[in-house]
Structure formats: structure tokens, C-alpha cells
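Single-structure report; data block below.
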Amino acid sequence: MGVLSPIGNTLADFRENLKKGVSGKENADYSVVEGHKFPPVFPLKGFNPRPYGTHLLDPFIQYAVAAAEQAVLDARIDLAAVDPYDIALSVSSSKGGVHSLGRFKERFMRNPSAILGARMYTSAVPNFADQWIARRMKIRGPAKCYVAACATGTVAIVQGFRMVAEGQAEYCLAGATDASITPLMLGGYNNMKALAARDIRPFDKRRDGFLVGEGAGVVFLETLESAKARGVKIYGEIVEAAYGQDSKQPIHFDLTEHALSYTLGVLFKRAGITPQEIDYMNLHGTGTRHGDLYETLELKEALGEQAYKIPMSSTKGSTGHMLGATGAIEIMATLLGIHEEFIPPTGGLEEKDPACDLDYTPGKMRPCKITNAVKVSMGFGGQVAAVFLRKI
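Quick note: the sequence shown uses my numbering, first residue -10, plus one each step.
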């Protein structure tokens, strides 16, 4: 696995800061981005793109290439010894190159007849994260790019899993990347009243929105038989997944649609499990008033009384909301919890909301043996994804 996040640019740093509940928020009551004032952000710290040969490209591509190279190193595989057609890619982005689009827009406004060239296209389109990874690593297998708003990372990993399971490739690099700390994105979310004033507080009584983070997470996927034969570390197994949709609302999930509880019901049926067999759930938990309440009510609908007995958490209190990348990185957080037997804490949760009354693991990580875990992701446009992960 490879990760760039506001709480660490290596898997080791990410793991340790995740356990400690460290916040990656910029230490300020507000942020200034290109001269504009916004609520605080969760940026990457100390990242240098030059070693990855992408310093002229948009940050979302830089992050993806760096995370993919980390994942290959962690998988202990020599790609030069593998048939390049046997390696697939499913690395996505929900926003693409918004940094580059902003720069090209300014250039165009100054000179409408300017020739912007191919770099605008190759630095802006979401699937070029896949393309640059393929170029750098000489990968020629199938490549797919799935955009599902803030469920993008989860969907990308699930689709990578399906490519390997269906025999389309022996291996797959899968995950997501987003670099959205720009005036365009922050201004849009702020005008929607989606951003918190100062802190992201999932499921807290005082929650008032999310804060934007940046990052990338990429996992190396192969069959269980292949991983065992190679004798490499296995963080866990992707067993099954399910998707859903709320067709009524573009932003807020409709309480009468039951998109999340439906998706979880499909997942349990496909995986052949019951709520009683789940040891941990990693939630979407963005810290918005409506979103956290909706998620809580839908978990109760899907799980019944067992909802009160399953440890859960949202790691966005530590990382911020990394938008399309967040699902991929939260799957990695869940796999680390499975492999190292701990439940990541929900940072920022200090004052309990009586309406959000489940076990959200506030403040401190909890030692726990996890055999079965579920990761839930949701996104604007009604996107829902859930994946069942298991210890090996």
C-alpha cells in the first residue's frame, strides 16, 4: 500500500499518526489560498514531486504516481520481471487537475488567443493519473477510471478487485487521488455552506461541516494464492462490495430513499454475512449536520440493534475530507486496523450528539481483533459504495 496524506507521506507515518489520532489540519483559524481567505485546510506537508518525474504536472497526478510507487515497493514485486500486460490500473480522481485548470483559465483570460496546448488536457483529465503511472512504470494492462464523487476511491479499489477476480489481469494498482485546495473548490464548498468554520467534528453535537484535505492512496491487488506464493505481507482480503444511489437529492441524502441501508443489505447478502459477524465499520462521517445524522439513521436501519454493538469510526477528523481520495485512504486505514488489531479513532468527536448515539470510538484508538470489517463511502450525486474486508 502507498499513501500521501495530511498525516503522513509514508505508510509508516500514516499508520502511527492514525493510531495517535493526530490532526493534519493546518495550524490556523483560517487558510489563505492564492490570496483568498477560507476555513482551515488539511494539506500535504513536505512532499517533493521531483523524484517521481512529475514536477511539471498537476498535483493530483504527482500524488498518484508517488503513492503507486510506494505500493509497488511495499508489495515487494519487480515490475520489470512481470509481463506488462498482466498489470491493470484503476486509479481515479473525483476532481482531476483543478490546480492546472485554474492556471490555464488565468492565462486564457489574459490572452484569449493563447495556445494552451496538450499539457492543459494531460494535466486536467482524471484518467491521466492512470496514464502517468503506466508511462512511468511501463504498464500496458487494462486501465479504468471511475468517478463517483467522494466515493471514487472506494469504487476504484472495488473495480480493481473485480479486474483481478475476473482474470483481466494478474495484478492491479488501484486507488484514488485528489488535490483540491484551490480557490475554485474551496469557494464552491464554502458557498454551499458545506465547510466547517474551524474544525471537522464527525458525529459531534457541535459539527458544522467538513474541511478539505489532499492526498492519494493506492493498493496493490493480487489473488490470495499469488500473494501467499510470493510470501508477501497480506493486509487483508476484499471479499465483496455493493453500490447504491439516492436519485432524489444532488447534495443531501434523502431520509426516505434508504440508499445506504439498501446498499448494506445487498452487501450482506452477497457476502453471506450478518451484522452480528461485523467487528468494525469505517464510516463516511464528514462532520456535516445532515450527513452524519443520515448515516447514523441508515446504520440503525440496516443493522438493527446490532448497530449499537459494532465499533465504528470516521478518520476524517484526522485527515480532513480528501474528497475522491478519501475512500481509498480509509480502506487502507481499515486494512491497517485489521492487520495490526486496532480501531482508528474519530478525531474531533468530543461532545456526544444524542441523535448520533452509536459507538464512534471518540478520541483514542482502541485495541481490537478485527476479522470482518465494512467500509462505507458516499458522495454528492447520491453515490453509495460499501466494501467487505476480511482478515487472512
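From the three backbone atoms N, C-alpha and C, an ideal C-beta is built for every residue, glycine too.
| Can you tell me the Cα-Cα spacing of Val376 and Phe97, whole angstroms? | The sequence position of residue 376 within the sequence shown is 387, counting from 1. The sequence position of residue 97 within the sequence shown is 108, counting from 1. Near 43 Å, if we compare the C-alpha coordinates of Phe97 and Val376.
| query | Alpha carbon to alpha carbon, what distance is there between Asp281 and Lys289? | reply | To locate residue 289, count along the sequence shown from 1; it is residue 300. To locate residue 281, count along the sequence shown from 1; it is residue 292. Straight-line spacing of the CA atoms in Lys289 and Asp281 works out to 13 Å.
| When the Cα atoms are used, what is the spatial distance from Glu155 to Glu211? | The sequence position of residue 155 within the sequence shown is 166, counting from 1. The sequence position of residue 211 within the sequence shown is 222, counting from 1. Cα atoms of Glu155 and Glu211: separation of roughly 11 Å, rounded to the nearest angstrom.
| task | Starting from Phe369, trace the beta strand (DSSP E) both ways and give me its first and last residue. | result | Position 380 of the sequence shown holds residue 369. Going by DSSP, Phe369 is part of no beta strand (DSSP E) at all; its letter is neither H nor E.
| Inter-residue spacing [alpha-carbon to alpha-carbon] between Ile189 and Thr275 | Translated into positions along the sequence shown, residue 189 becomes position 200. Translated into positions along the sequence shown, residue 275 becomes position 286. Taking the straight line from one Cα to the other gives about 8 Å.
| task | Pull up the distance between the alpha-carbon of Leu324 and that of Pro101, whole angstroms please. | result | Residue mapping note: residue 324 aligns to position 335 of the sequence shown, counting from 1. Residue mapping note: residue 101 aligns to position 112 of the sequence shown, counting from 1. Distance from the CA atom of Leu324 to the CA atom of Pro101, rounded to whole angstroms, is 49 Å.
| message | Considering only DSSP beta bridges, list what Pro351 is partnered with. | response | As a first step, residue 351 is located in the sequence shown; it is residue number 362 there, counting from the start. The partner list for Pro351 (beta bridge, DSSP) reads Thr335.
| query | Residue range of the alpha helix (DSSP H) that Thr252 falls in? | reply | Walking along the sequence shown from the start, residue 252 turns up at place 263. Counted as a single uninterrupted DSSP element, the alpha helix (DSSP H) harbouring Thr252 occupies residues 248 to 260.
| message | Between Leu7 and Ser307, how many whole angstroms is the CB-CB distance? I'm expecting something under 8 Å. | response | Within the sequence shown, the letter at position 18 stands for residue 7. Within the sequence shown, the letter at position 318 stands for residue 307. Confirmed, about 6 Å.
| Are the beta-carbon atoms of Leu312 and Ser79 separated by less than 8 Å? | Your numbering for residue 312 matches position 323 in the sequence shown. Your numbering for residue 79 matches position 90 in the sequence shown. Their beta carbons are not under 8 Å apart, which means Leu312 does not touch Ser79 by this criterion.
| task | Sort out for me which residues DSSP pairs Leu(-7) with in a bridge. | result | If you number the sequence shown from 1, residue -7 lands on position 4. According to DSSP, which records beta bridges pairwise, Leu(-7) is partnered with Ala205.
| message | Within a Cβ cutoff of 6 Å, which residues of the same chain sit near Ser20, ignoring the five residues on either side of it in sequence? | response | For the purposes of this step, residue 20 is taken as the residue at position 31 of the sequence shown. Shown here for Ser20: same chain residues with a beta carbon closer than 6 Å to its own, the five before and five after excluded, namely Phe27, Pro29, Val30 in chain order.
| task | Would you mind giving the Cβ-Cβ distance between Leu46 and Ala205, rounded to the nearest angstrom? I have them listed as a contact below 8 Å. | result | Counted from its first residue, the sequence shown places residue 46 at position 57. Counted from its first residue, the sequence shown places residue 205 at position 216. Their Cβ separation, rounded to whole angstroms, is 13 Å, which puts Leu46 and Ala205 out of contact at 8 Å.
| message | Less than 7 Å between C-beta atoms, sequence neighbours within five positions excluded: which residues of the same chain meet that for Gly149? | response | Position 160 of the sequence shown, counted from the start, is the residue given in the question as residue 149. So the list reads Ala77, Ser79, Cys161, Ala163, Leu210, once near-sequence residues are dropped.
| Status (buried if at least 16 other CB within 10 Å, exposed otherwise) for Arg219 | As a working mapping, residue 219 is identified with position 230 in the sequence shown. When all chains shown are included, Arg219 counts as exposed.
| Distance between Met109 and Ser366 (C-alpha atoms, nearest Å) | Within the sequence shown, residue 366 is the residue found at index 377, counting from 1. Within the sequence shown, residue 109 is the residue found at index 120, counting from 1. Across the structure, Ser366 and Met109 are spaced so that their CA atoms are roughly 30 Å apart.
| query | Got a sec? Which residues, its chain only, sit under 6 Å from Pro38 by beta carbon, not counting five neighbours each side? | reply | Within the sequence shown, residue 38 is the residue found at index 49, counting from 1. Excluding positions up to five away in sequence, the list reads His44, Gln51.
| query | Name the DSSP bridge partner or partners of Gly233? | reply | Along the sequence shown, read from residue 1 onward, the residue named residue 233 stands at position 244. Under DSSP, Gly233 shares a beta bridge with Val373.
| field | beta strand (DSSP E) runs wholly inside the segment 70 to 125, at least 3 long, in chain order | value | Uninterrupted beta strand (DSSP E) stretches at least 3 residues long and entirely within the segment 70 to 125 occur at 76 to 81, given in chain order.
| query | Secondary structure at Ala322, three-state DSSP: helix, strand or coil? | reply | Along the sequence shown, read from residue 1 onward, the residue named residue 322 stands at position 333. Ala322: helix per DSSP, three-state reduction.
| message | My output table needs one value for Ala57: the three-state DSSP class, helix, strand or coil. | response | Here residue 57 corresponds to residue number 68 of the sequence shown, with the count starting at 1. Residue state, collapsed to three classes: helix.
| said: If contacts are defined as beta-carbon pairs under 8 Å, then Ser82 and Ala165 qualify, I think. What distance do you get, rounded to the angstrom? | reply: As a working note, residue 82 is residue 93 in the sequence shown. As a working note, residue 165 is residue 176 in the sequence shown. Taking C-beta atoms under 8 Å as the contact rule, Ser82 and Ala165 qualify, at a distance of about 6 Å.
| Just the Cα atoms here: how many angstroms apart are Thr304 and Thr335? | Here residue 304 refers to the residue found at position 315 of the sequence shown. Here residue 335 refers to the residue found at position 346 of the sequence shown. Going by C-alpha positions, Thr304 is about 6 Å away from Thr335.
| N- and C-terminal bounds of the alpha helix (DSSP H) containing Asn180 | Here residue 180 corresponds to residue number 191 of the sequence shown, with the count starting at 1. Note, Asn180: alpha helix (DSSP H), 172 to 180.
| For Ala57, is the classification buried or exposed, using 16 other Cβ atoms within 10 angstroms of its Cβ as the cut-off for buried? | In the sequence shown, the residue the question calls residue 57 occupies position 68. Looking at its Cβ environment, which holds 16 or more other Cβ atoms inside 10 Å, Ala57 is buried.
| said: Rounded to the nearest angstrom, what separates Leu249 and Val373 at their Cα positions? | reply: Within the sequence shown, the letter at position 260 stands for residue 249. Within the sequence shown, the letter at position 384 stands for residue 373. Approximately 6 Å, taken between the alpha carbons.
| request: Give a yes or no on contact between the segment 183 to 197 and the segment 260 to 280, applying the rule of three or more CB pairs nearer than 8 Å. | output: Cβ pair count under 8 Å is three or more, so yes.
| request: Measure from the alpha carbon of Gly233 to the alpha carbon of each residue in Glu246, Thr360, Ala322, then state which is nearest. | output: Within the sequence shown, the letter at position 244 stands for residue 233. Among Glu246, Thr360, Ala322, the Cα nearest to that of Gly233 is on Glu246.
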